[in-house]
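Step one of this worksheet: look at the structure below.
Residue numbers (the numbering used here), protein chains in the order written: chain A, 52 to 186; chain B, -8 to 145.
Now the structure itself:
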């Protein structure tokens, strides 16, 4: 797996809380949110908390940038918007992220999360991020 | 504290809040404390715990999303005339300033209107001590989605 991504995950405590992991396939990096009871938002409908999904996609977007920028790069979210396309289930979630554009100071990243199949996205989010050189 | 809220909604919110603050590990770790709950308005104080920090050591934007989605959803419930399930359609957040871990913050939200089964909410997150603005956001929620009618988004 990409060393910069592994380093970022290791240095990001919220990734531990999320049970976040990354792997690589032919198409690029793939991110996973482990299922955990604490990720449930509404105990009656047993869906993942929308904010937890947002946090997962934000870490995924930051990993995608870390892979491009190299180890130790500073990455900070400026703002985000997220669409909840369908209800989630009490199951793990998988995601991919793609960099729409990366400038010198700013990057635009999209992330898509799914559960049953990649063809049925559950959530899509767009992040704008400030980026800087290695610390 | 629950003036103007439909009584049935008010008692259900209280039950949901008691359960969540005592039984739900996420909300327990955030140490949610209601400051104001009115019809279409909710303000809560929350902890920003260490375990939600990012690589820079400050609170990760993801925690702000978790807090604002939770309080925005609760605010929609306070505006309803009868209990109905709701679901977040979308959220938009600006992360204005970094917050140090272990600080306490205040999230204030308002349900602007409910029209054609869509509730529109906006709010912000500030540091409890000096009122420093951390994030602002808005969101839309579908009211009366399929699912258990007793649902609480928070």
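All residues carry an ideal CB built from backbone N, CA and C; glycine is no exception.
At a cut-off of 9 Å, the C-beta of residue 106 of chain A has a neighbouring C-beta in chain B. The stretch 32 to 39 of chain B makes no contact with the stretch 85 to 105 of chain A, as fewer than three CB pairs between them are under 8 Å.
The beta carbon of residue 69 of chain A sits closer than 8 Å to those of 84, 85, 90, 103, 106, 107 and 110, all from its chain and outside the five residues before and after it, given in chain order. Taking every protein chain shown into account, the CB of residue 122 of chain B has fewer than 16 other CB atoms within 10 angstroms, so this residue is exposed. The beta carbon of residue 53 of chain A sits closer than 6 Å to those of 118, all from its chain and outside the five residues before and after it, given in chain order.
Per the coordinates, the alpha-carbon of residue 2 of chain B lies some 9 Å from the alpha-carbon of residue -4 of chain B.
Within the model, the alpha-carbon separation for residue 131 of chain B versus residue 86 of chain B is close to 18 Å.
A buried status is given to residue 117 of chain B, since no fewer than 16 other beta-carbon atoms sit within 10 Å of its beta-carbon. Secondary structure of residue 168 of chain A (DSSP, three-state): coil. Contact check for residue 33 of chain B and residue 84 of chain B: beta-carbon distance about 17 Å, past the 8 Å limit, so the pair fails to qualify. Distance from residue 21 of chain B to residue 58 of chain B at the Cβ level is roughly 7 Å; contact confirmed, criterion being Cβ atoms closer than 8 Å. Assignment of beta strand (DSSP E) within the stretch 100 to 145 of chain A, counting only whole runs of 3 or more residues, yields 124 to 135 in chain order. With a cutoff of 9 Å on beta-carbon distance, residue 63 of chain B and residue 112 of chain B are scored as near each other. Taking all protein chains in view, the Cβ of residue 144 of chain A is crowded by 16 or more other Cβ atoms within 10 Å, so the residue is classified as buried. Under the three-state reduction of DSSP, residue 84 of chain B is assigned to strand. In the displayed model, residue 35 of chain B falls within a strand according to three-state DSSP.
Taken atom to atom, the span from the alpha-carbon of residue 182 of chain A to that of residue 63 of chain A is near 16 Å. The beta-bridge partner set that DSSP reports for residue 163 of chain A consists of A:147 and A:175. Listed in chain order, the non-local C-beta contacts of residue 179 of chain A below 7 Å within the same chain comprise 129, 130, 157 and 159, local neighbours out to five positions each way being set aside. Within its own chain, the residues whose Cβ lies closer than 7 Å to the Cβ of residue 30 of chain B, once the five positions on either side in sequence are excluded, are -5, -4, 69 and 70, listed in chain order. Contact of residue 63 of chain A with chain B by beta-carbon distance below 8 Å involves 44, 45, 46 and 51.
Closest option to residue 93 of chain B, judged by alpha-carbon separation, among B:-2, B:25, B:26 and B:51: B:51. In the displayed model, residue 62 of chain B falls within a helix according to three-state DSSP. For residue 79 of chain A, the pairing in a beta bridge is given by DSSP as A:76. Burial is judged here by how many other beta carbons sit within 10 angstroms of a residue's own beta carbon; residue 6 of chain B has fewer than 16 and is exposed.
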